[in-house]
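Numbering (our numbering), first residue to last: 2 to 64.
We treat Cβ as the ideally placed atom computed from N, Cα and C, and that holds for glycine.
This is how it looks when you write it as structure tokens:
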């Protein structure tokens, strides 16, 4: 039976480095532990999502 949640323990996550010419896309972190710090876009992979889909979602929406 699927509960719709990952089990306790390590969770899959992605990070993406996006270049445009000599520039690199950075986002300001909104959550602990690095709140307010600059980072590459990234986050947890949702159930049923591929790594590529997760990276695209994080780049476009940051959610």
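Pick from the options that is closest to residue i, judged by C-alpha positions
i, options, result
"residue 43", "29, 23, 15", "15"
"residue 60", "8, 20, 38, 6", "20"
"residue 6", "27, 63, 49, 22", "49"
"residue 26", "32, 12, 41, 13", "41"
Anticipated Cβ contact below 8 Å, residue i with residue j, distance rounded
i, j, result
"residue 56", "residue 17", "4 Å"
"residue 37", "residue 30", "6 Å"
Exposed unless 16 or more other CB atoms sit within 10 angstroms - verdict on residue i
i, result
"residue 47", "exposed"
Spatial distance of residue i from residue j (CA atoms)
i, j, result
"residue 10", "residue 45", "13 Å"
"residue 35", "residue 52", "23 Å"
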